[in-house]
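Be aware that the sequence shown starts at 1, since it is given in the UniProt record's numbering, and climbs by one per residue.
Heads up, the beta-carbon is just placed ideally off N, CA and C, and yes, glycines get one too.
Remember, predicted model here, so these are calculated numbers, not experimental data.
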Amino acid sequence: MKNVTGIFHTSETKQTHRFWLTREGIEKETLSKNAEKSLYEDHSNPIWVLRHSLGTNQGAEDYSSMDYEKYLSQDRKHLLEKFLTKSGIKDLVYRGINVPVPASFYSHAVGPIHAGVIEPGHFRFIVEGEEIQNLDIRLGFQKRGLLEKMKGQNKDSISPYAEAISGDSTVAYAIAFSKAFEEAHGIHIPEEVNFARTVLLEIERIAIHIGDMGAIAGDVGYYPLQGVCAMQRGVPLGVMEALTGSRFGRGALSPGKVRLKKELTESSLNELTKRIQDVTSDVAGHFERAANKSTNRERLQICGTLTHKQLKDLGFVGMVEKCTGFSRDLRHHDPSYSLAGESINLDLDAGQMKGDAWARFYLRYEELKNSGRWLTKAIPLLKNFHKVYESFQKIKVSKAKSGIYFGATEGWRGPVLVSFSLNSSGDISEAYVRDPSVLNWHALELAVRGENIGDFPLNNKSFNLSYVGVDL
Numbered sequence: 001m002k003n004v005t006g007i008f009h010t011s012e013t014k015q016t017h018r019f020w021l022t023r024e025g026i027e028k029e030t031l032s033k034n035a036e037k038s039l040y041e042d043h044s045n046p047i048w049v050l051r052h053s054l055g056t057n058q059g060a061e062d063y064s065s066m067d068y069e070k071y072l073s074q075d076r077k078h079l080l081e082k083f084l085t086k087s088g089i090k091d092l093v094y095r096g097i098n099v100p101v102p103a104s105f106y107s108h109a110v111g112p113i114h115a116g117v118i119e120p121g122h123f124r125f126i127v128e129g130e131e132i133q134n135l136d137i138r139l140g141f142q143k144r145g146l147l148e149k150m151k152g153q154n155k156d157s158i159s160p161y162a163e164a165i166s167g168d169s170t171v172a173y174a175i176a177f178s179k180a181f182e183e184a185h186g187i188h189i190p191e192e193v194n195f196a197r198t199v200l201l202e203i204e205r206i207a208i209h210i211g212d213m214g215a216i217a218g219d220v221g222y223y224p225l226q227g228v229c230a231m232q233r234g235v236p237l238g239v240m241e242a243l244t245g246s247r248f249g250r251g252a253l254s255p256g257k258v259r260l261k262k263e264l265t266e267s268s269l270n271e272l273t274k275r276i277q278d279v280t281s282d283v284a285g286h287f288e289r290a291a292n293k294s295t296n297r298e299r300l301q302i303c304g305t306l307t308h309k310q311l312k313d314l315g316f317v318g319m320v321e322k323c324t325g326f327s328r329d330l331r332h333h334d335p336s337y338s339l340a341g342e343s344i345n346l347d348l349d350a351g352q353m354k355g356d357a358w359a360r361f362y363l364r365y366e367e368l369k370n371s372g373r374w375l376t377k378a379i380p381l382l383k384n385f386h387k388v389y390e391s392f393q394k395i396k397v398s399k400a401k402s403g404i405y406f407g408a409t410e411g412w413r414g415p416v417l418v419s420f421s422l423n424s425s426g427d428i429s430e431a432y433v434r435d436p437s438v439l440n441w442h443a444l445e446l447a448v449r450g451e452n453i454g455d456f457p458l459n460n461k462s463f464n465l466s467y468v469g470v471d472l
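Structure representation (C-alpha cells):
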C-alpha cells in the first residue's frame, strides 16, 4: 500500500513536493510548477493534508444551507464542494462554523476550553438524541509561528524549534530534523550514535504509552490501572533524565550530535536497564488484569471503529493505521535496532487489531512490551557510546548544499515528517512539518459517527492526537 502522507509547497519557487508513505519508508516526489489545481483533483491527496499544507483563511464557515446528506458524505466531490472555493482550500483553523441541523437533531459545541488539563480545540457535533451523527474538528488556537521562526535557522540552531513542535514527541522531531540536516551537510552518522538516538526514541515511546494506557483506563472507570500508570510513567522519564539530563530528552539531540551524560558507567546503565525491565513487567501485568475484566472490554470493543477502506482512502498513519491490522512502521527498515543483538519485535496480535478503541488500548500494551524488551538489551550497550562519539566529533563537517531535504522517524503516534528548503548559506528558507495528527484528526471525526456522545472523551483519549502539532 502506498499513500500520500505530506505535501510541501514552496512559496519562493512555486514548486510542490509530495511525500509518499510505503512499506519501505517515505519517498519524495517533485511535481511540476504550478501544480496546485491538479492536487485537489487527484484522489491520492488526502483532503486534510491539502487543508493543512495549502489552506487559507477564508473566515467563518457557513454550511447551514448545504444538503445534509452531502454534508456528511466522504465523496471527494462533496468534500471539495465544502472546502474548495475560488480563493483556494480552507485551512483547519476555527473562525466560527455553522452546520446543517435536520429537524429533531441538534448541534453541540465543545471547546476550545475543555474539562481537565488538555489542549484547546473546537469540536462541533451534530447529534440525534445521544448519538453522534457528525463531528467537525477545528484547531489553530495555539499557533506560535514556528514555521516562520524556523526561517534562517541552521544545523546549529534548529533544535529548540524542532523540540517545541509537539512536546510529547521531542525526541522524534529532533531525530527527523537531524536526519535532514545531516543529509544536507553530508554527515555520516556512526551506527553507535544512531543507536543511542534510537534508545531515546523508544524510551519516549513507552513513557507516553504508559500514560495513555492509564488515561484510557480512567475514562472507563478502571482506577487500579490508572493509578499504576500515573505513577509508573515517571520511571522511563527518570531513565531519560539519567541519560540526558532532561526528562523529555531536550537538548540531547541535534544534527550531527548526541549528548549523553559522561558519568554513565556499566553499573549505572545496568541499574537503568533494571528500571525499564521492572516497569514494563509491572504495567504489563496490571494491563493484563484490566484486559480480563469484561466491563473494560465491553466499553472499548466495537467503539470508535475505523475500517480498512477508510484507512486506504484517507491515508491514516501510525497507531491509527496499525490498530486496523496494517503493519507499516518506519522501524522495520532502521538498521540501528539490530545493534542490540536482535531487531525490535514489531508484531501485533492481529486478533485484537479491529480498528476500535480496544485495539488502540491493546496496541499500546504490545508496543510497551516490545520496546521495553528491546531496551533491556540496548541500554547496557551505551557503555561504548562516548568512545565512538569522541572520535566522530573530530570529523570535519562539509558546507551544506542548497536544495530540498526531508527527514522522518516513527514517533509513538506514527511517522513524523519534516522538510525544508536550504539556501546556499545552509539556512532554512522555508520549512514544512507534518505531524501524524494532521491525518488522524479526520480519523477521529469518522470514528465517532454513530457513537454515544458520552463516549467521545474515551474515543478522543484512545487517539490522543496532538493539537499543537497541527497548529505550529
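Three-way DSSP call (helix, strand, coil) for residue i in this model
{"i": "V470", "result": "helix"}
{"i": "P415", "result": "strand"}
{"i": "N154", "result": "coil"}
{"i": "S391", "result": "helix"}
{"i": "I26", "result": "strand"}
{"i": "D455", "result": "helix"}
{"i": "F141", "result": "coil"}
{"i": "E41", "result": "helix"}
{"i": "S11", "result": "coil"}
{"i": "T307", "result": "coil"}
{"i": "L260", "result": "coil"}
{"i": "N134", "result": "strand"}
{"i": "F406", "result": "strand"}
{"i": "H333", "result": "helix"}
{"i": "F316", "result": "coil"}
{"i": "Y223", "result": "helix"}
{"i": "R233", "result": "coil"}
{"i": "T280", "result": "helix"}
{"i": "E342", "result": "coil"}
{"i": "L375", "result": "helix"}
{"i": "L80", "result": "helix"}
8 Å contact criterion, which residue i and residue j should meet: CB distance rounded
{"i": "K261", "j": "T244", "result": "7 Å"}
{"i": "E410", "j": "L330", "result": "4 Å"}
{"i": "K293", "j": "Y222", "result": "7 Å"}
{"i": "L444", "j": "L472", "result": "L444 to L472, Cβ: 19 Å. No contact."}
{"i": "K70", "j": "H78", "result": "5 Å"}
{"i": "L348", "j": "A447", "result": "No, L348 and A447 are not in contact; Cβ-Cβ is about 19 Å, not under 8 Å."}
Among the options, nearest to residue i - alpha-carbon criterion
{"i": "N384", "options": "E163, N45, V110 and E266", "result": "E266"}
{"i": "G251", "options": "K90, T376 and S178", "result": "S178"}
{"i": "I26", "options": "S32, K33 and H17", "result": "H17"}
{"i": "E130", "options": "V470, R449 and I276", "result": "R449"}
{"i": "W358", "options": "R373, H332, K461 and L346", "result": "K461"}
{"i": "G304", "options": "H52, Q58 and D356", "result": "D356"}
{"i": "G426", "options": "W441, A447, G414 and A400", "result": "A400"}
{"i": "E204", "options": "G218, I175, L225 and I189", "result": "I175"}
{"i": "G218", "options": "D212, G211 and Q226", "result": "Q226"}
{"i": "Q277", "options": "E148, I206, L201 and R297", "result": "I206"}
{"i": "L346", "options": "G111, T273, D62 and W412", "result": "W412"}
Opposing strand residues paired with residue i [DSSP bridges]
{"i": "A62", "result": "Correcting the residue type first, residue 62 is Asp in the shown sequence and not Ala. Partner(s): N98."}
{"i": "W20", "result": "V4 and E27"}
{"i": "T56", "result": "K90"}
Heavy atom of the ligand PLP within 7 Å of residue i beta-carbon
{"i": "T376", "result": "For the ligand PLP, the structure offers nothing, since it holds no ligand at all."}
message = If contact is defined by three or more beta carbon pairs under 8 Å, each pair taking one atom from either stretch, is the stretch 417-435 in contact with the stretch 2-10?
response = Flag = yes, the stretch 2-10 and the stretch 417-435 touch.
Stretch pair the stretch 398-413 + the stretch 180-187: three plus CB contacts closer than 8 Å = The stretch 398-413, when compared against the stretch 180-187, does touch it at the 8 Å Cβ threshold.
ask   = Using 8 Å as the Cβ pair cut-off and three pairs as the minimum, do the stretch 356-369 and the stretch 129-144 touch?
value = No, they do not touch.
ask   = Taking one C-beta from the stretch 92-103 and one from the stretch 30-45 each time, how about it: are there three or more such pairs within less than 8 Å?
value = The stretch 92-103 vs the stretch 30-45: no contact.
message = When you compare the stretch 225-243 with the stretch 143-157, are there three or more beta-carbon pairs, one atom per stretch, that lie closer than 8 Å?
response = Three or more beta-carbon pairs separated by less than 8 Å are not found between the stretch 225-243 and the stretch 143-157, which leaves the two stretches without contact.
ask   = For the 8 Å Cβ check, are there 3 or more pairs between the stretch 111-126 and the stretch 79-92?
value = Too few Cβ pairs lie closer than 8 Å, so no.
key: Contact the stretch 372-384 vs the stretch 323-342: 3+ CB pairs below 8 Å   = Result yes; three or more Cβ-Cβ pairs closer than 8 Å.
Stretch pair the stretch 95-113 + the stretch 29-41: three plus CB contacts closer than 8 Å = Here the stretch 95-113 does not lie against the stretch 29-41, with fewer than 3 beta-carbon pairs under 8 Å apart.
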